[in-house]
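Visitor: Each number in the working numbering comes from the position in the sequence shown (counting from 1) with 2 added on.
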Amino acid sequence: MKELRANYAYLERQDFDVEAHLQRTREAALRTTTASQLRRVLHRSAFAFTDPHLLVAPLDDDDPNVWPTSADLAVALQGDRYVVADVRAGSAADAAGVRPGWTVRKVDGADIEACVTALFEGLLPAPTVQQRTYAAILVVNGKRVGGRVLELEVDGAPRTVELANPRELARTVAKMEPLSVEVREQVAIFRFNNSLDRQETIAAFDAAIREHAEVEAMILDLRNTPSGGNTDVARGIIGHFVREARPYQVHEIPAVERSTTVPRRFVEYVLPRAPLFDGKVAVLGSRWTGSMGEGLLMGLHAAAGARTFASDLGDLLGAVYSFELPALGATLELGGESLFHVDGTPRGDYVADVPLASAERDAAGGDPAMAAALAWLAAQR
Numbered sequence: 003m004k005e006l007r008a009n010y011a012y013l014e015r016q017d018f019d020v021e022a023h024l025q026r027t028r029e030a031a032l033r034t035t036t037a038s039q040l041r042r043v044l045h046r047s048a049f050a051f052t053d054p055h056l057l058v059a060p061l062d063d064d065d066p067n068v069w070p071t072s073a074d075l076a077v078a079l080q081g082d083r084y085v086v087a088d089v090r091a092g093s094a095a096d097a098a099g100v101r102p103g104w105t106v107r108k109v110d111g112a113d114i115e116a117c118v119t120a121l122f123e124g125l126l127p128a129p130t131v132q133q134r135t136y137a138a139i140l141v142v143n144g145k146r147v148g149g150r151v152l153e154l155e156v157d158g159a160p161r162t163v164e165l166a167n168p169r170e171l172a173r174t175v176a177k178m179e180p181l182s183v184e185v186r187e188q189v190a191i192f193r194f195n196n197s198l199d200r201q202e203t204i205a206a207f208d209a210a211i212r213e214h215a216e217v218e219a220m221i222l223d224l225r226n227t228p229s230g231g232n233t234d235v236a237r238g239i240i241g242h243f244v245r246e247a248r249p250y251q252v253h254e255i256p257a258v259e260r261s262t263t264v265p266r267r268f269v270e271y272v273l274p275r276a277p278l279f280d281g282k283v284a285v286l287g288s289r290w291t292g293s294m295g296e297g298l299l300m301g302l303h304a305a306a307g308a309r310t311f312a313s314d315l316g317d318l319l320g321a322v323y324s325f326e327l328p329a330l331g332a333t334l335e336l337g338g339e340s341l342f343h344v345d346g347t348p349r350g351d352y353v354a355d356v357p358l359a360s361a362e363r364d365a366a367g368g369d370p371a372m373a374a375a376l377a378w379l380a381a382q383r
């Protein structure tokens, strides 16, 4: 609690009573008798903040998969129904034909609303729509071990699908090269394979942009960056699209003001890097664009004037800080810095130039973000 209160950048909330929630958490924690039970209470308590960056590790096999890295389905609460909002391209859910607009009724034989309630383990007696949605996303993506059986409703008819654990896809992506490149009619498409935390991504992109410097336009596909990364890689990428030093994101550290009463806010800049690309640039984002992926998408928009095509993003809040909890043998991870677009928009509130309901798959199984970006680029010729 002490580290959370001192350092979590998103502690002050208007959507639910944080103090009441922390008091319930304290009472539940006092009823535990083992370190593993206490860690579980603290981790489940974190779900109330609907922030994938906020967690207490190491995770157990019985914990839900980490969103969005080990996940292939996004859902949204619409009225009293949990509806598929997007499906991760290339995933088990995608291969099974699950599509946006389908309604989730049961997970592993249990009613989804009951699963949502159970996930909070009594810590949230009246969860908000946002909290119920977040819990449902965790539920439909399963636990860290084992597959899932989803009972869905499609056009009024029931349909059952059995899906592999999405951690398998995460492991597959981790073994991929940092960058995949494709050229379509003078448009170079660069897809980052969850590699924004790998320093070799800088050299890989340097080489790729040099090789394709003569194309008319470029698309940077950030829809497979759920785990985020670091600012060195992001600045290394953006630098190829600016002629002078340009601001690309704003940081704020609330912990400094809490401890000193003096606010701290600063602007991060990106500098030019050769070779410079002067053509049109489109950037794609989805709910599997997380953390530094979100920052990179917004930074390309802010610093390089790129046009963005995206649904809601991953909403991984802030820059991650870690604090050891030695009495538990655990680690608290949290967003210690609030991050903003250079125009002042909080990262979690950013809306793309071309906002999309779903960015990975549409109801027909198409690729809506890529189609929209290619259509825009074709219209510029």
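Here a beta-carbon is modelled for each residue, glycine too, at the ideal position from N, C-alpha and C.
The structure presented is a predicted model; accordingly, all values stated were derived computationally and were not measured.
Could you have a look at Thr174 and say whether DSSP puts it in helix, strand or coil?
Guide: In the structure shown, Thr174 falls within a helical segment according to DSSP collapsed to helix, strand and coil.
Visitor: Using only the alpha-carbon positions, how far apart do Glu115 and Val86 sit?
Guide: Approximately 15 Å, taken between the alpha carbons.
Visitor: Which runs of the alpha helix (DSSP H) at least 4 residues long sit entirely within the stretch 352-379? Give them in chain order.
Guide: none
Visitor: Start and end of the alpha helix (DSSP H) containing Gly301?
Guide: Met294 to Ala306
Visitor: Determine the closest residue to Asp345 out of Arg248, Asn226 and Phe194, with distance taken between C-alpha atoms.
Guide: When only C-alpha atoms are compared, the closest one is Arg248.
Visitor: In the DSSP assignment, what are the bridge partners of Gly324?
Guide: According to the sequence shown, residue 324 is Ser rather than Gly. The beta-bridge partner set that DSSP reports for Ser324 consists of Glu335.
Visitor: Quick one: Cα of Arg7 to Cα of Ser261, how far?
Guide: 11 Å
Visitor: Return yes when the Cβ of Ser93 is within less than 9 Å of the Cβ of Asp65, no when it is not.
Guide: no
Visitor: Taking only three categories from DSSP, how would you classify Ser38?
Guide: Ser38 falls in the helix class under three-state DSSP.
Visitor: One question on the structure: do Glu169 and Ser72 come within less than 9 Å of each other, judged by their Cβ atoms?
Guide: Correcting the residue identity first, residue 169 is Arg in this sequence and not Glu. Yes. Within cutoff.
Visitor: Report the rounded CA-to-CA distance for Phe342 versus Ile255, giving the unit in angstroms.
Guide: 12 Å
Visitor: Tell me which residue opens and which closes the beta strand (DSSP E) that Ser182 is part of.
Guide: Leu181 to Arg186
Visitor: Scan the stretch 217-247 and note each continuous alpha helix (DSSP H) run of 4 residues or more that stays entirely inside, going in chain order.
Guide: 233-240
Visitor: Is DSSP giving Tyr136 helix, strand or coil here?
Guide: helix
Visitor: How many Å lie between Gly301 and Gln133 at the Cα?
Guide: In this structure, the CA atom of Gly301 is about 28 Å from the CA atom of Gln133.
Visitor: Between which two residues does the beta strand (DSSP E) carrying Asp110 extend?
Guide: First-last for Asp110: undefined, no H or E at that position.
Visitor: For Asp96 and Arg363, which I take to be in contact (beta-carbon distance under 8 Å), what is that distance rounded to the nearest angstrom?
Guide: 6 Å
Visitor: How many Å lie between Val183 and Phe192 at the Cα?
Guide: 5 Å
Visitor: Between which residues of its own chain and Leu61 is the CB-CB distance below 7 Å, once the five residues before and five after are set aside?
Guide: Arg146
Visitor: Return the chain-ordered list of same chain residues with a C-beta closer than 7 Å to the C-beta of Leu224, the five sequence neighbours on each side being excluded.
Guide: Phe194, Val285, Leu286, Gly287, Thr291, Gly295, Leu298 and Leu299
Visitor: Report all residues from its chain with a CB closer than 7 Å to the CB of Leu273; omit the five preceding and five following residues, and keep chain order.
Guide: Within the same chain, Leu273 has close Cβ partners Gly241 and Ala247.
Visitor: Taking the beta carbon of Arg26 as the centre, do at least 16 other beta carbons fall within 10 Å, making it buried, or is it exposed?
Guide: buried
Visitor: Hey, quick one: how far does the beta strand (DSSP E) through Ile255 stretch, first residue to last?
Guide: Membership of Ile255 in any beta strand (DSSP E) is not indicated, and neither H nor E is assigned to it by DSSP.
Visitor: Determine the extent of the alpha helix (DSSP H) in which Gln1 is found, giving its start and end residues.
Guide: Outside the displayed range of the chain (3 to 383) lies residue 1, so it cannot be described from this structure.
Visitor: Measure the C-alpha to C-alpha separation of Ala1 and Arg212 and round it to an integer number of angstroms.
Guide: Any question about residue 1 goes unanswered here, given that the chain covers just 3 to 383.
Visitor: Would you identify the three-state DSSP class for Asp157, choosing helix, strand or coil?
Guide: coil
Visitor: Pairing CB atoms from the stretch 300-317 with CB atoms from the stretch 347-357, are three or more of them under 8 Å?
Guide: Yes: the two stretches touch, three or more of their Cβ pairs being nearer than 8 Å.
Visitor: Among the residues of its own chain, which have a CB less than 7 Å from the CB of Glu339, if the five just before and after it don't count?
Guide: Ala11, His253, Glu254, Ile255, Gly320 and Ala321
Visitor: Going by CA-CA distance only, name the one from Pro348, Glu259 and Leu334 that's closest to Ala2.
Guide: With the chain represented from 3 up to 383, any question about residue 2 goes unanswered, as that position is not in the structure.
Visitor: Among Arg42, Leu32 and Thr203, which one has its Cα closest to the Cα of Ala332?
Guide: Arg42
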